[in-house]
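Numbering (the working numbering), first residue to last: 1 to 580.
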């Protein structure tokens, strides 16, 4: 996996960012890569965090790049465009339509964000045509289907809509054209999702959808919600009508997903597999977007592998910006000619970045960390101080120390340090690894004399280090104490789980300490460990972690039934949402 640094910043662009990166989706399912602000037939080359250039191929076709008509029209100045086999370029954009104060009061919306369509080729470009009038807050994607139909789903901010239960202020609507964009129709289906009181954010409702065609000819859509998971809908008539939106197995805080059909036929899903943090003393705190995840399915969405962090926000341990969106959300995925996956994602200054991902890394069955790369793989911040206007301060909690008894190596020290500027809080370290229905996590650990111990929690999603739901909703949980270890002595901890039996063997130095029962249900598997100080008072001793490794023996999140997904969501509402 390679992280490509921010390629551009523009304070006037949505969320304050833009990137010198765009994709042209070809009719054969492949992509071309280019800089939308300087289109060229030269391959797009971007630097990684170390300044090394990486070239994304293929480039724009020469016939397009050298067309003065196309370039000057601005049709390619879009994050995504479509290219037909006959050379026709198609583009969907959203444009603002301002209202007077009197009009806004009458219409029930502060402004319109209208949808516009444009097409052209190397010799001529049409004038833009408005296809929909209303408030489309964010256009995630659009495609030309195998049938030739153009499909453009998006959210619709409802006139006089309120961000309150039962379904928020958005619904998802679907536009389509069967005559190459000359005329447009709107599906009769209006898709909604539930929302709940106490939500730490704005109850927008079902919006910002993505979709992909499945092998059976149906179209699968996923929508952003505030219900703790992505919602889905399916069309079996080429996008004319859609099933009632329903919950999925994919937990999320808030933010849109992206679906991609890879050149090898696999489905690729990118989304924020994160739990939204709770409010602080009743005041909202922006969060839930520190990590972006990717999973791959080889059987058209029945089973999934990976659930890997592909973008762990490099600003996560810093004090956040005082206002505006931030984090790793809003993914747009494509693949290069050699099959590498490229995902453009992120918000806020320095946050919108292309990420280059090797699919083999996603489906790998092992991962380890010995801190040679510092805390790059780890999330270790604490929230401190009051919350105000969705802002709350952060600071790094855990620290890397010289390994006791080993020169020139570092280990992670998790403890509860006394604090003079904020209430003392136990350190927590969060690490992601390949998802497993069955697998083993091992860690080389050491409890200094006087330590109050630590809690190891296995999870199926990212929980903020400060969010104790990460312990309460753990799939399995083990405690390392002075009673089951020797002070100032290195031990090997092993957590070997099998979700088919609902058990986890907890061992220290191969001695069985306990057979742990299932603490919380999951539909997907285990892909996270949280290591938290068990101290209830300041404990400078804590626990020292030299090395962690995950080895997965069954990497597949198994197929699930509609009944299982509904039961899971009902349990989520009862155990998690009820605490909002």
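Glycine included, C-beta positions come from ideal geometry on N, C-alpha and C.
Here the structure is a predicted model, which is why all the values come from computation and not from measurement.
1. Residues in its own chain within less than 7 Å of residue 78 by CB, not counting five upstream and five downstream?
2. Of the choices 38, 530, 340 and 27, whose alpha-carbon is the least far from that of residue 68?
3. Check whether the region 368–387 touches the region 542–555, taking contact to mean three or more Cβ pairs, one atom from each stretch, closer than 8 Å.
4. With DSSP as the reference, label residue 594 as helix, strand or coil.
5. Which same chain residues end up closer than 7 Å to residue 235 when comparing Cβ atoms and leaving out the 5 residues on each side of it in sequence?
6. What residues in its chain sit with their C-beta under 7 Å from that of residue 98, if we drop five residues either side in the sequence?
7. Let's see if you can read the secondary structure: which residues bound the alpha helix (DSSP H) around residue 566?
8. Using the Cβ count rule (16 or more neighbours within 10 Å means buried), how would you classify residue 52?
9. Going by CA-CA distance only, name the one from 388, 491 and 381 that's closest to residue 282.
10. On the premise that residue 466 lies in contact with residue 382, defined as a C-beta separation below 8 Å, what is that separation, rounded to the nearest angstrom?
11. Ignore the nearest five residues each way along the sequence and tell me which others in residue 311's own chain have a CB closer than 8 Å to its CB.
12. DSSP beta-bridge partners for residue 515?
13. For residue 66 and residue 140, what's the separation of their Cα atoms in angstroms?
14. Rounded to the nearest angstrom, what separates residue 536 and residue 469 at their Cα positions?
15. Ignore the nearest five residues each way along the sequence and tell me which others in residue 433's own chain have a CB closer than 7 Å to its CB.
16. Cβ of residue 388 versus every heavy atom of the ligand SAH: is any distance shorter than 7 Å?
17. Apply the 10 Å Cβ neighbour rule to residue 542 and answer buried if 16 or more other Cβ atoms are within range, or exposed otherwise.
18. Could you have a look at residue 208 and say whether DSSP puts it in helix, strand or coil?
19. State the DSSP-derived secondary structure class of residue 475, mapped to helix, strand or coil.
20. In whole angstroms, what separates the C-alpha of residue 253 from that of residue 194?
21. Going by the DSSP bridge assignment, what does residue 162 pair with across the sheet?
22. Taking the continuous beta strand (DSSP E) assigned at residue 498, which residues delimit it?
23. What does the alpha-carbon distance come out to for the pair residue 554 and residue 106?
24. Report the residue from 539, 500, 538 and 531 whose alpha carbon sits nearest the alpha carbon of residue 523.
25. Hey, would you say residue 59 sits closer than 8 Å to residue 47, going by beta carbons?
26. Need the endpoints of the beta strand (DSSP E) that residue 63 sits in, please.
27. Have a look at 80, 262 and 118 and flag the residue whose alpha-carbon is nearest the alpha-carbon of residue 183.
28. Reducing DSSP to helix, strand and coil, say where residue 362 ends up.
29. In whole angstroms, what separates the C-alpha of residue 532 from that of residue 41?
30. Using CA coordinates, which residue listed in 230, 507, 451 and 429 is at the minimum distance from residue 487?
31. In three-state terms, what does DSSP make of residue 375?
32. Under a three-way DSSP split, which group does residue 113 fall into?
33. From residue 24 to residue 540, what distance separates their C-alpha atoms?
34. Between which two residues does the alpha helix (DSSP H) holding residue 71 run?
35. Compare the beta carbon distance of residue 156 and residue 175 with 8 Å and say whether it is the shorter of the two.
36. Measuring alpha carbon to alpha carbon, tell me which residue in 120, 109 and 153 is nearest residue 135.
Reading it off the structure:
1. Here residue 78 refers to the residue found at position 78 when the chain shown is read from its first residue. These residues qualify, in order along the chain: 22, 36, 91 and 93.
2. Along the chain shown, one-based indexing puts residue 68 at 68. Here the closest residue by C-alpha is 38.
3. Touching, per the Cβ criterion.
4. It is not possible to answer for residue 594, since the shown part of the chain is limited to 1 through 580.
5. Translated into the one-based positions of the chain shown, residue 235 becomes position 235. Result list for residue 235: 218, 219, 241 and 242, in chain order.
6. For the purposes of this step, residue 98 is taken as the residue at position 98 of the chain shown. Result list for residue 98: 111, in chain order.
7. Residue numbering aside, residue 566 sits at position 566 when the chain shown is read from its first letter. Looking at the DSSP string, the run of the alpha helix (DSSP H) that includes residue 566 is 562–575.
8. Here residue 52 corresponds to residue number 52 of the chain shown, with the count starting at 1. The residue is exposed, with fewer than 16 neighbouring Cβ atoms inside 10 Å.
9. By one-based count along the chain shown, residue 282 stands at place 282. With distances taken between Cα atoms, residue 282 lies closest to 388.
10. Against the chain shown, residue 382 aligns to sequence position 382. Against the chain shown, residue 466 aligns to sequence position 466. That pair is a contact at about 6 Å.
11. In the chain shown, the residue the question calls residue 311 occupies position 311. In the same chain as residue 311, and ignoring 5 residues on each side of it, the C-beta atoms closer than 8 Å to its own belong to 3, 291, 292, 328, 343, 345, 346, 353 and 355, in chain order.
12. The residue given as residue 515 occupies position 515 in the chain shown. DSSP lists 505 as partners of residue 515.
13. Sequence index remark: in the chain shown, residue 66 carries index 66 (1-based). Sequence index remark: in the chain shown, residue 140 carries index 140 (1-based). Taking the straight line joining both Cα atoms gives about 28 Å.
14. Start at 1 with the first residue of the chain shown, and residue 536 comes out as number 536. Start at 1 with the first residue of the chain shown, and residue 469 comes out as number 469. Straight-line spacing of the CA atoms in residue 536 and residue 469 works out to 17 Å.
15. For the purposes of this step, residue 433 is taken as the residue at position 433 of the chain shown. Hits under 7 Å: 367, 527 and 550.
16. The ligand SAH is absent from the structure shown, which contains no ligands of any kind.
17. Walking along the chain shown from the start, residue 542 turns up at place 542. It is buried - the Cβ of residue 542 has at least 16 other Cβ atoms within 10 Å.
18. Walking along the chain shown from the start, residue 208 turns up at place 208. Note: residue 208 maps to strand in three-state DSSP.
19. Here residue 475 refers to the residue found at position 475 when the chain shown is read from its first residue. DSSP places residue 475 in coil when its eight states are reduced to three.
20. Walking along the chain shown from the start, residue 253 turns up at place 253. Walking along the chain shown from the start, residue 194 turns up at place 194. In a straight line, the C-alpha of residue 253 is about 14 Å away from that of residue 194.
21. Counting from one through the chain shown, the residue named residue 162 turns up at place 162. Paired residue(s): none; residue 162 is not in a bridge.
22. Taking the first residue of the chain shown as position 1, residue 498 is located at position 498. For residue 498, the enclosing beta strand (DSSP E) has its first and last residue at 490–498.
23. To locate residue 554, count along the chain shown from 1; it is residue 554. To locate residue 106, count along the chain shown from 1; it is residue 106. Rounded to whole angstroms, the gap between the alpha carbons of residue 554 and residue 106 is 58 Å.
24. Along the chain shown, one-based indexing puts residue 523 at 523. It is 500.
25. Taking the chain shown and counting its residues from 1, the one referred to as residue 59 is at position 59. Taking the chain shown and counting its residues from 1, the one referred to as residue 47 is at position 47. Inclusion of residue 59 and residue 47 in the CB contact set at 8 Å is not warranted, their separation being larger than that value.
26. Taking the chain shown and counting its residues from 1, one reaches residue 63 at position 63. Boundaries around residue 63 are those of the alpha helix (DSSP H), 62–65, since no beta strand (DSSP E) includes it.
27. As a position in the chain shown, residue 183 is number 183, starting the count at 1. Distances from the CA of residue 183 to each of 80, 262 and 118 were compared; the closest alpha carbon is that of 118.
28. As a first step, residue 362 must be located in the chain shown, where it is residue number 362. Helix.
29. Residue numbering aside, residue 532 sits at position 532 when the chain shown is read from its first letter. Residue numbering aside, residue 41 sits at position 41 when the chain shown is read from its first letter. Roughly 52 Å between the two C-alpha positions.
30. To locate residue 487, count along the chain shown from 1; it is residue 487. Closest option to residue 487, Cα to Cα, is 451.
31. Here residue 375 refers to the residue found at position 375 when the chain shown is read from its first residue. Secondary structure of residue 375 (DSSP, three-state): coil.
32. In the chain shown, the residue the question calls residue 113 occupies position 113. Three-state DSSP puts residue 113 in a strand.
33. The residue given as residue 24 occupies position 24 in the chain shown. The residue given as residue 540 occupies position 540 in the chain shown. Straight through space, the alpha carbons of residue 540 and residue 24 are spaced by roughly 54 Å.
34. Reading the chain shown from its first residue, position 71 is the one you call residue 71. Segment 68–73, the alpha helix (DSSP H) holding residue 71.
35. Numbered from 1 along the chain shown, position 156 holds the residue referred to as residue 156. Numbered from 1 along the chain shown, position 175 holds the residue referred to as residue 175. Pairing residue 156 with residue 175 gives a Cβ-Cβ distance that is not under 8 Å.
36. On the chain shown, residue 135 is found 135 positions in, with the first residue counted as 1. Taking the Cα of residue 135 as reference, the smallest distance to any Cα among 120, 109 and 153 is reached at 109.
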